[in-house]
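These notes are about the structure you will find just below.
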Amino acid sequence: MTDASDWIEALALQPHSEGGFFRETYRSDEMISQGSLSDRFSGERSFSTAIYYLLEGNDFSAFHRIEQDEVWHFYDGASLTIHVITPNGDYSATTLGINIQEGEAPQFVVPARCFFAVEVNDPSSFVLSGCTVAPGFDFADFEMPSAEQLLGRFPQHAVLIERLTR
Numbered sequence: 528m529t530d531a532s533d534w535i536e537a538l539a540l541q542p543h544s545e546g547g548f549f550r551e552t553y554r555s556d557e558m559i560s561q562g563s564l565s566d567r568f569s570g571e572r573s574f575s576t577a578i579y580y581l582l583e584g585n586d587f588s589a590f591h592r593i594e595q596d597e598v599w600h601f602y603d604g605a606s607l608t609i610h611v612i613t614p615n616g617d618y619s620a621t622t623l624g625i626n627i628q629e630g631e632a633p634q635f636v637v638p639a640r641c642f643f644a645v646e647v648n649d650p651s652s653f654v655l656s657g658c659t660v661a662p663g664f665d666f667a668d669f670e671m672p673s674a675e676q677l678l679g680r681f682p683q684h685a686v687l688i689e690r691l692t693r
């Protein structure tokens, strides 16, 4: 069985600021002009981007959001939970994995502008996933607020926010 360190080495993954490890695997050569995008974008963007993303069982992806929809794909390891808080404060959780009999989904879309955090469901394991973003990801579209900032907006989710922020 392949473990997390095998995947990190084989895929040349690097630490990510939100937690875990990643490597961009695709960035389209074609660009969408700023004039063709929503006003929430500050410049042109690639048509699409994709990454590998790996989380070890004792780590998490801290609450953050981007301006685009983000499609998550399951590849290997334990299942993970994607915690989503919408701009109006609604909460949902989705389990990404391949055990469809247990309600897991091999793919899930996090809607644009929703805050979300991710954790591995088995602390002794890991998860290898992929994320596809369109229009393509740009760090100008990335926001990772502090616990205080999120608690100011969503106090009803205090326990989750305090556990899944850095």
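Last residue of the sequence shown? That's 693 in our numbering, and every number before it is there in order. Cβ coordinates follow ideal geometry from the N, Cα and C atoms, glycine included. Computed from a prediction, not measured in an experiment: that's the story for all the values here.
Using a 10 angstroms sphere on the CB of P638, the tally of other CB atoms stays under 16, which defines it as exposed. If you ignore the 5 residues before and after E646, its C-beta comes within less than 6 Å of the C-beta of F587, T608, all in its own chain and listed in chain order. Sequence-distant partners of R550 (beyond 5 residues in either direction) whose C-beta falls short of 7 Å from its own C-beta, in its chain, are L538, A539, L540, Q541, I578, Y579. The shortest C-alpha to C-alpha distance from E597 to any of E557, S656, T692 is the one to S656. Going by DSSP, G679 is part of the alpha helix (DSSP H) stretching over 674-680.
Beyond the five residues adjoining it in sequence on each side, G570 comes within less than 8 Å, by CB distance, of Q561, D665, A667 in the same chain, given in chain order. Boundaries of the beta strand (DSSP E) harbouring D603: 596-604, taken from the DSSP string. In terms of CA proximity to H600, V660 leads the group N648, V660, E557.
Secondary structure of E631 (DSSP, three-state): coil. With a contact defined as Cβ atoms closer than 8 Å, S606 and N648 qualify at about 5 Å. Close CB contacts of Y602 within its chain, under the 7 Å cut and outside five residues either way in sequence, are with L655, S656, G657 (chain order). Excluding sequence positions up to five before and after R690, its CB lies less than 6 Å from no other CB in the same chain. Beta-bridge analysis with DSSP links E646 to F587, T608. Under the three-state reduction of DSSP output, I625 falls in the coil class, being neither helix nor strand.
A Cβ-Cβ contact shorter than 8 Å links F669 with I593. E551: member of the beta strand (DSSP E) spanning 548-554, first to last residue.
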